[in-house]
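First up is the structure itself, then whatever we jot down about it.
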């Protein structure tokens, strides 16, 4: 109680903090994590595989660098950054979506 004002309990709070809510959110975030990890592994392992299976292509000069060094030195960081950005944005969206679903379920009752 603050200054004679008592906050009314929010009916959404019980559902948002429930085990079912957390389990659903964690399952959806696990799927997102696996997808982002797979994308990272493709980026990480793609360069050595490309060098092994297409050495002539990877030795091609682009802007004075071989394609291998261009990918490794210039494009690798933005690719990892993009994967991270997508993960963060999608994770926030998943949390907000779960809360929206809870609110719509409790309002429908």
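In the UniProt record's numbering, the protein residues as written are 1 to 109. Ideal placement from N, C-alpha and C gives every residue a C-beta, glycine not left out.
With distance defined between alpha-carbon atoms, name the residue in the options nearest to residue i.
i, options, result
"residue 86", "36, 46, 56, 76", "36"
"residue 75", "100, 43, 91", "43"
"residue 25", "96, 63, 109", "96"
How would you write the range of the alpha helix (DSSP H) that residue i sits in, first residue to last?
i, result
"residue 46", "19–53"
"residue 74", "No alpha helix (DSSP H) contains residue 74, which DSSP labels as neither H nor E."
May I ask you to list the residues that DSSP assigns as paired with residue i?
i, result
"residue 62", "65"
Please go through the same chain and pick out, in chain order, the residues whose beta-carbon is closer than 6 Å to the beta-carbon of residue i, but skip the five residues on each side of it.
i, result
"residue 60", "67"
"residue 81", "none"
"residue 28", "94"
"residue 83", "36, 39, 40"
Could you tell me if residue i is buried or exposed, where buried requires 16 or more neighbouring beta carbons within 10 angstroms of its beta carbon?
i, result
"residue 71", "buried"
What residues in its chain sit with their C-beta under 7 Å from that of residue i, if we drop five residues either side in the sequence?
i, result
"residue 91", "29, 32"
So, for residue i: in the same chain, excluding its five sequence neighbours on each side, which residues have a beta-carbon less than 8 Å away from its beta-carbon?
i, result
"residue 73", "65"
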